[in-house]
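Those sequence lines, one after another, are chains A, B, C and D.
Per this note's numbering, residue 422 is the first one in the first sequence, and the count goes up by one each step.
Per this note's numbering, residue 536 is the first one in the second sequence, and the count goes up by one each step.
Per this note's numbering, residue 1285 is the first one in the third sequence, and the count goes up by one each step.
Per this note's numbering, residue 13 is the first one in the fourth sequence, and the count goes up by one each step.
For every residue, glycine included, the Cβ atom is placed at its ideal position computed from N, Cα and C.
Predicted model only: the values in this text are computed from it and were never measured.
Below is one structure, written out as structure tokens; comments come after it.
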Amino acid sequence: MYPPNFEYYAPKTVQEAIGLLDQHQGEAKVLAGGQSLIGMMKLRLAQPAALIDINRIPDLAYIREEDSSLVIGALTRTAELGRSDLVRARYPLLADAAGEIADPTVRNWGTVGGNVSHGDPGNDLPACMMALGAEFRVEGPKGARAVPARQFYQDSFVTVLQPNEVLTQVRIPQAVPGAGGAYSKMERKVGDFATAAVAVQLGLGKSGSIDLAGIGLTNVGPTAIFASAASEFLTGKTGTDADLRRAGDLAADASRPFPDNRGPVEFKKEMVRVWTRRTAARALARARGGK
Amino acid sequence: MAIDAADTPRTPGPVTTRTIQVTVNGVTHSSTVQNRMLLVSYLRERLRLTGTHIGCDTAHCGACTVLVDGVPVKSCNLLAVQVDGRQVQTVEGLASGGKLHPIQEAFHEEHGLQCGYCTPGMMMTSVALLARNPNPTEDEIRRGISGNLCRCTGYVNIVKAVQHAAAKTQTSVPGGH
Amino acid sequence: MHIEGDFRVRAAASRVYAFFLDPVAFTDCLDDPHEFHAIDADHFEGTVTTGVAFIRGTFRVRGSYLAKTPTTAVRVRLQGAGLGSGVDADLELALSEAAGETALHWQGEVHLSGPVATLGERMVRGTVDKKAASLFENARRKIESG
Amino acid sequence: MAQPETVHGGIGQSILRKEDARFIRGKGNYVDDVDLPGMLFLDLVRSPYAHAKVTSIRKEKALAVPGVLAVITGADLAAAKLAWMPTLMSDTQMVLPTDEVMFQGQEVAGVVATDRYAAADGVAAVEVDYDPLPVIVDPFKALEPGAPVLRTDKGKKDNHIWHWEVGDKAATEKALKESAVVIKERFYIPRIHVSSIETCGCVAQVDAMGKLTVWMTTQAPHAIRTVFALVSGLPENQIRIISPDIGGGFGGKVPVYPGYVIAVVAALTTGQPVKWVEDRTGNLTSDSFARDYHIEAEMGATKDGKLTALRVKTLADHGYTDAAANPSKFPAGLFHIITGSYPFATAFVEVDAAYTNKPPGGIAYRCSFRVTEAAYTIERMVENMAHHLKMDPAEFRLKNFIPPEAFPFNSALGWTYDSGNYAGALKKAMAMIGYDDLRKEQAEKRRKGELMGIGISSFTEIVGAGPAKQFDILGIKMFDSAEVRIHPTGKVLARLGTKSQGQGHETTYAQILAEELGISSDNISIEEGDTDTAPYGLGTYASRSTPTSGAAAAMAARKIRAKAAKIAAQMLEVSPDDVEWKDHKFQVKGVPEKSKTMAEVAFAAYTTNPPEGQESGLEAVDYYNPPNLTFPFGSYICAVDIDKETGQVKVRRFVAVDDCGVIINPTIVDGQIHGGLTMGFAPAMMEEIPYDAEGNNRAGSFLEYLLPTAVETPKWETGKTTTPSPHHPFGAKGVGESATVGAPAAIVNAVLDALEPYGVTNIDIPLSAHKVWKAIHSKDAA
């Protein structure tokens, strides 16, 4: 299994990369970690004429808090996400997810930018970014724009990212006291895509009731899914068992899984129901100061 | 040889080769490779370092695991051009001056290998695991090597070998209990 | 997988029927880059470069009309080969004319085989029906405007 | 076994493995490591269709690809009468098609190029036109009247391959009728794949003298050489098969695959060495599968729980050709070990085989011929019977086991079990896992509505094929061999007819010889796998190496000892009758201080005049024809917890007590059992190759064919009992596959035990979360 040949460019700046993408008019692909792309090229399902390797562009790998946001550079390896003290201390949802992506070796090379921009409904980070209300910084010939994660995904492997654009940064609202999140992935084995996976981010107000809720679903539809009805329902609730069950029902309704070796549609919807309830409970416990 | 023939770009028009500088097991090589050449092909066929194996083509089995700048990666899922200017370590680089690396001794002493095919990748992953976490628990070891498949050992003695290597590389007792 | 749909077009059934018996006119409704030519009255062939996102390939397609019932029904088989895979479709078109309009119901089975089915299905499923729908929508517009 | 004076590295010692030295340095020599000047590379075009007419194959575009030298098709092979080849079961198999393809992933053409990348480009450029034909993936449908006939080339009128039966049909019928209790169950044991981490491949070279050398991933190099000679017409002395280091075999490297033959043809036609190494998708979609048995079993018992009779009807899905690797007299392998550890008075088993549009096979998956299918069926049925009778499954087994004093035991289906102590193994396993406490805990949990289960499997294996009177493959008797040579300085070189694939033969055979010759295993070298140097043997699979070649090594050593004794007598200046072999040396009877070591005798054998009528030198060859098979056994107990809401099963504990007779190297045996258990767990919980209606293989990569990682794999606990084989030269039995044979039933029994409140009597493996969830929730609904 060997890929077809292609032109290879290693630009030193984002502008240079955009220029190269523009020249190739949709026939070039950005190479970040390549942990998904190179596999598809070996299968010859993907045959780009050129690869634009952005790994030589300095300053695209970082995790830091700035102007009331957590900002993550596109080239940050997913393993770094899991090792970051900042993420582990203040963004447990991301720490959970970082431990679930593919396998530990793949995480060493796969990037946050690649994971969120690939458009694979099986990737774990898109649902997390939807739950967290993240924004993606997208740079193109006409400059930079910010796209909310919840509006980024259009269909399997189809996103709003244009062929001449690069996703350079993920921006997440800064963690505030009373916020907590969790990610649960039901998988057949390490390295598998989820049978169903659920990301839940909750924020508690002074009264102790939920004043902010985001629920994202992985691999139970053509794209990652933002369970808006479930999220809205929890907002303003205290988070009783009944509340969490209802959120699970609404999330299951929002899912649109395909049948595959992991199971039929009704099973996957049921797993969304169960894992939404369980994950919301974990997120709530964390929001209330538990681990 | 076949591999030399492969060096000259065959497809006319676009440039499909590149010259890279890679330091493998401490030796720096300057090589012209096809852009599409996988790192594992470069190591096995160009440098004849055949200790790195191919097992699945889809980045699941980890038989091709090597260290790039000290980090374990699956070399069948990486292009040679991606490691231009980087440091690569393979199983052949573990022993130094005829002295086996503690992980090699440990795999031997704990019977952590049978057919030997997954062993180089398994050892490279373990070396990096212990570098980060010198005293891992059994569950940390099992999670840490979960990107490497072994069909022979049921992992029991591989886990023991990693614990044994941990004990060798420090005076304290190994973790996992 | 099963695909199905219908449309109404302000044209006589004879025109709609004739349109779909012309393989070049019919295949010209594909959005993806393509080239087709007739071999004889019942067979045609060509290529189309298609896919989803960056998973794209050029497919060699052989077409044959399995049944033609003037102004009421057409059955056509398409056999595509590309990406080391097979994409085969059996399409049935049923036409009925009423009040100067023709109602067309189309349905068919699409069979994927090879890597596209076993390794790429996660990527291609969901797009096949979209492509079919747009093909027939383009046909409707052409017939109406033509 | 304990000797007053032990020899270093003798039998029973956990010495470290010799072969590790190269593997831990990355210096193993696997087929893909072979590199020859001017070597070309072969890659294969594969069919996307499960059944289709190949209407045209156009080479032009592929031949225009830079680096591509040749495209080989079925038409090219047909010209040399090589388009078809025989299978191990004397069926016929395509090398490359001239007319139809019969399964998805079938080899359609070969592309030869100067490197792998160019070969892959060439494969992508070959244009093949297919006309799809009706696909049959269900063997029951295949046998329905009017089903499309797949093997018209053989003049077949239907898709039925063969019928095979054994046992007393009438007596079994009668016994079941008269049984107070009869239970019936259907099991499907799905297609699985051994998926050794090294795939299959070869390097073929023809030298200036016209000699063909093939470095090949094969478990049976000698048999392969003979098959090549018969198929190609090349003289057998002009063929050399070298099986270098093998990255796992498990049965998958016994057959001859089309890729090997195409590589040989490519080497003959280009005059250059040609390497073919299969990718994982080719491996999973076209190499021999295992299992695929549809089993219907009926079991009778008395009211008080004594087993009476067993009847089993099976449909075997063989794909488009019967390429099973079985002894030729046994088309369903040793499936008739199915009466297991129980003294059934009567039993009847029948198997029918059908053609379908799937890859050929019917090879082992780390199990001697169809024994896992048998052990799974009997241990699942016994468990169900115990539950049906409301008896504890452990008590029920203890009540029914063949007692130790009954050995050698003649089974209802014609086997003679050599030795066993089944109750001993089960009682030990129960003690290790704390069986009674687990049952108490389970009762507690049930009250709370939690799902916990305990499952047992007390299997009997049958390995070491085999006695010449019953066992041959393509007519070649299943003996195996050893050639032992002691050098003048007392160092030993031994060559054997088997071939290690990770079992550690370089260490364990040396231990056998160390024990028999009184020479440290450090001074004994073992060689296998080169047909130009090793004695003829049938190879390594079906746990046969220790029972056959291991025995041959001991027998050859004893031949050497007999000769050496005379030399020792001459050196000690006594009559040979006064010399005895004791404490690993030759001693004058009653005068232990007067003795000679084997090394001293060896030196004399080359440097002194031999005794009257004896040749110089000190070597011997033995071709061992085992008098019987060996019957290792064990008792496994598994405890699981099930997540009621998701159907996820967690194996909490798994205790395996094995008995493989006298153990050569305890550490290596333990390692074999760990691996075997994991390859029992995998099909029970994860692995399957399903096909859709189009005949698409739905597990064509490790993305969908689920090999367990260290995280899913349970933490195995092992124990042993020792019941020597009475007929093996040093009491050993095979062990490499016991755990794979025994483990699945224990796991499934545990899950069904947990689900007892729902009245579920079977879930077919693999026990995916979805299947378990469905079993729980469909019953809830009902």
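Item: Using a beta-carbon distance cut-off of less than 8 angstroms, what residues from the stretch 581 to 613 of chain B approach chain D?; Value: R583, L584, T585, G586, T587, H588, I589, G590, C591, D592, T593, H595, C596, A598
Item: Go to K608/D, then tell me how far its beta strand (DSSP E) extends in each direction, as first and last residue.; Value: 603 to 608
Item: Taking CB distances under 7 angstroms as the criterion, tell me whether R571/B reaches chain A.; Value: yes
Item: Looking at the secondary structure, which residues open and close the beta strand (DSSP E) in which K457/D lies?; Value: Unbroken run through K457/D is the alpha helix (DSSP H), 447 to 459; no beta strand (DSSP E).
Item: Between the stretch 671 to 705 of chain B and chain D, which residues of the former have CB atoms less than 9 angstroms from a CB of the latter, in chain order?; Value: E673, D674, I676, R677, R678, G679, I680, S681, G682, N683, L684, C685, R686, C687, T688, G689, Y690, V691, N692, I693, V694
Item: DSSP on E210/D, reduced to helix/strand/coil?; Value: coil
Item: Between the stretch 682 to 690 of chain B and the stretch 286 to 303 of chain D, are three or more C-beta pairs nearer than 8 angstroms?; Value: no
Item: Considering only C-alpha positions, which residue in the set T293/D, A328/D, G283/D is nearest to R303/D?; Value: A328/D
Item: Specify the secondary structure class of G134/D as computed by DSSP and reduced to three states.; Value: helix
Item: Please report whether the beta-carbon of H1286/C lies at a distance below 7 angstroms from any beta-carbon of chain D.; Value: no
Item: So with CB distances below 7 angstroms, who are the chain B contacts of D364/A?; Value: This structure cannot speak to residue 364/A, because chain A is shown only from 422 to 712.
Item: Do you know whose CA, among S576/B, R571/B, D604/B, M657/B, lies nearest N560/B's CA?; Value: D604/B
Item: Kindly indicate if chain B contains any beta-carbon less than 7 angstroms away from that of F427/A.; Value: yes
Item: Determine the contact status of L52/D and V124/D, defining contact as a CB-CB distance below 7 angstroms.; Value: yes
Item: Tell me, to the nearest whole angstrom, how far the beta carbon of L779/D is from that of V661/D; I am working on the premise that it is less than 8 angstroms.; Value: 6 angstroms
Item: Pull the bridge partners of K1352/C from the DSSP assignment, please.; Value: V1358/C
Item: How about I555/B and V606/B: do their beta carbons lie closer than 7 angstroms?; Value: no
Item: Measure the C-alpha to C-alpha separation of Q679/D and L1367/C and round it to an integer number of angstroms.; Value: Note that residue 679/D is Thr in the sequence shown here, rather than Gln. Distance between the alpha carbons of T679/D and L1367/C: 49 angstroms.
Item: Please work out which residues of its chain come closer than 7 angstroms, Cβ to Cβ, to V579/A, disregarding the five sequence neighbours upstream and downstream, and give them in chain order.; Value: G540
Item: Interface residues of chain A around Q649/B at Cβ under 9 angstroms?; Value: Those within 9 angstroms of Q649/B in chain A number zero; the least Cβ separation is about 21 angstroms.
Item: Among all the DSSP beta bridges, which residues are the ones paired with Y61/D?; Value: According to DSSP, which records beta bridges pairwise, Y61/D is partnered with nothing at all.
Item: DSSP state of P371/D, grouped into three classes?; Value: coil
Item: Skipping 5 residues on each side, what residues in its chain have a beta carbon closer than 8 angstroms to that of Q284/D?; Value: G50, M51, L52
Item: Measuring alpha carbon to alpha carbon, tell me which of V601/B, N612/B, D619/B, L573/B ends up nearest V521/B.; Value: With chain B represented from 536 up to 712, any question about residue 521/B goes unanswered, as that position is not in the structure.
Item: Rounded to the nearest angstrom, what separates Q582/D and P588/D at their Cα positions?; Value: 8 angstroms
Item: Can you tell me which of the three DSSP states M1465/C falls into?; Value: In the structure as shown, chain C begins at 1285 and stops at 1430. Residue 1465/C is therefore absent and cannot be evaluated.
Item: Quick check: the stretch 464 to 481 of chain D against the stretch 643 to 654 of chain D, are at least 3 beta-carbon pairs closer than 8 angstroms?; Value: yes
Item: Residues of chain C with CB under 8 angstroms from R710/D, in chain order?; Value: T1402
Item: Using the beta-carbon count (16 or more within 10 Å), is P756/D buried or exposed?; Value: buried
Item: If we call anything under 7 angstroms between Cβ atoms a contact, is V361/D one with V324/D?; Value: yes
Item: If I follow the unbroken alpha helix (DSSP H) through E527/D, where does it start and stop?; Value: 517 to 529
Item: What residues from chain C crowd round S68/D, counting only those whose CB sits closer than 9 angstroms?; Value: Within 9 angstroms Cβ-Cβ: nothing; S68/D doesn't reach chain C, min ~11 angstroms.
Item: Using 8 angstroms as the cut-off, can you tell me whether the stretch 643 to 655 of chain A makes contact with the stretch 593 to 605 of chain A, which would need three or more C-beta pairs spanning the two stretches below that distance?; Value: no
Item: Indicate the three-state DSSP secondary structure (helix, strand or coil) for G331/D in the structure shown.; Value: coil
Item: What does a CB cutoff of less than 6 angstroms around V363/D pick up in its chain, not counting 5 residues either side in sequence?; Value: W176, T326, A328, A344
Item: Please work out which residues of its chain come closer than 6 angstroms, Cβ to Cβ, to T297/D, disregarding the five sequence neighbours upstream and downstream, and give them in chain order.; Value: G117, N709, G712
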